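Before any comments, here is the structure.
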Ligand code: GDP
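Residue numbers (the UniProt record's numbering): 579 to 940.
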């Protein structure tokens, strides 16, 4: 079993990275999410995109389809099995996604409105990303709003830009330059992604439109390349469970549930779990492991599918007794046969101080 674990722990066997979207209000975070979630394949077909609890999973087949315009020669390598994108954009879900202070969000998209440049919440997002040392790319969104822009839906950015009138290209260059200067004022070297020769030093800018879909293939391809080239260490499978509570919610018929992101390991129905609670550690047993009903099954009344076990990476809803006081942002631990429950309760509660501190800050 040890050998198998070692073999599984290899750079050729990566887990799916987790991606968050941040940025100022109205920059187009929600619209960008909608755009990348749009499916061309029939709902529910193999290779399709699946809606999860609090997240959307893109299997590699869907990623390949969405980046096909940039891979006409078929030379692009896709090593990640998929991408898990967190559905709630913004600070809160980003700050809740953490484990011992480090972020579970492997890569972030910081959305900036190209017509407005850097805004107050852009700077706040930058501070959060730096605090958590989270790699990110910048989507320079709303390029279609530049005067005279002629859209080619879902095109790659460079060929769309090449088709524009000279005046539009000039406006783009001008706005790009201003954005680069604004980032420089924040101490960051920002460069157009296809001119970025050093991912470690420079932040990549990807021009996008969430309305026309232009630049969206570029954005997804950049996420793929950055994660598989620069983060393969962090994306190797761990034997340890990595799971975080994103939200605590009361659901009719289920009582208080927790929505979690399982980023590594396996959860089972019946597992004994420990999470952080307002009045102390909560130890309980998983009664229900749930994911949303696939769209094609909507005629079935039940809203959720029950599972005996679920493997990472996934967005999962957990039903269990005594979750009323659970805290979003808490880690979730599973008590194994050889584990000391008391130790785990102490460990979970030691997170509370860090958690409360960062709630104060955000
Ligand atoms: P959020 O607050 O960052 O989630 O922003 P939304 O996604 O709600 O978008 C805010 C407004 O900008 C909405 O009216 C969108 O239709 C519009 N919008 C978003 N992205 C684009 C874009 O790329 N081009 C244009 N023209 N409008 C956009």
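C-beta: ideal position from N, C-alpha, C; glycine also.
None of the values given here were measured: they were computed from a predicted structure.
Non-local C-beta neighbours of residue 732 in its own chain, meaning closer than 8 angstroms and more than five positions away in sequence, comprise 647, 790, 791, 792, 794 and 795, ordered along the chain. A distance criterion of 8 angstroms places the beta-carbon of residue 701 beyond contact range of the ligand GDP, judged by its closest non-hydrogen atom.
Residue 840 and residue 915 have their C-alpha atoms roughly 20 angstroms apart. Within a 10 Å sphere around the beta-carbon of residue 745 sit fewer than 16 other beta-carbons, which makes this residue exposed.
Look at residue 694: its beta carbon is at least 8 angstroms from all of the heavy atoms in the ligand GDP. Annotation: the continuous beta strand (DSSP E) that includes residue 686 extends over 685 to 691. DSSP places residue 698 within a helical segment (H, G or I) once states are collapsed to three. Buried is the label assigned to residue 849, since at least 16 other Cβ atoms lie within 10 Å of its Cβ.
In the structure shown, the three-state DSSP call for residue 724 is coil.
Boundaries around residue 638 are those of the alpha helix (DSSP H), 638 to 644, since no beta strand (DSSP E) includes it. Across the structure, residue 611 and residue 600 are spaced so that their CA atoms are roughly 11 angstroms apart. Counted as a single uninterrupted DSSP element, the stretch harbouring residue 777 is not any alpha helix (DSSP H), since DSSP gives it neither H nor E. With three or more CB-CB distances shorter than 8 angstroms, the stretch 720 to 736 counts as touching the stretch 779 to 790. Per the coordinates, the alpha-carbon of residue 910 lies some 47 angstroms from the alpha-carbon of residue 751. The ligand GDP has a heavy atom closer than 8 angstroms to the beta-carbon of residue 603. Listed in chain order, the non-local C-beta contacts of residue 838 below 7 angstroms within the same chain comprise 821, 822, 823, 824, 894, 896 and 910, local neighbours out to five positions each way being set aside. Contiguous beta strand (DSSP E) elements confined to the stretch 760 to 837 occur at 768 to 770, 781 to 785 and 820 to 829, taking only those with 3 or more residues. Scanning its chain for C-beta atoms nearer than 7 angstroms, with the 5 sequence neighbours on each side dropped, one finds around residue 734 the residues 647, 648, 795 and 796, in chain order. Relative to residue 853, the option among 906, 882 and 832 whose CA is nearest is 906. The closest heavy atom of the ligand GDP lies 8 angstroms or more from the beta carbon of residue 715. Secondary structure note for residue 896: its beta strand (DSSP E) is the uninterrupted segment 892 to 897. Residue burial is scored here from C-beta neighbours: residue 652 has fewer than 16 other C-beta atoms within 10 angstroms and is therefore classed as exposed. Minimum Cα-Cα distance from residue 687 among the listed residues 595, 886 and 862 corresponds to 595. The beta-carbon separation of residue 883 and residue 868, rounded to 7 angstroms, stays under the 8 angstroms limit for a contact.
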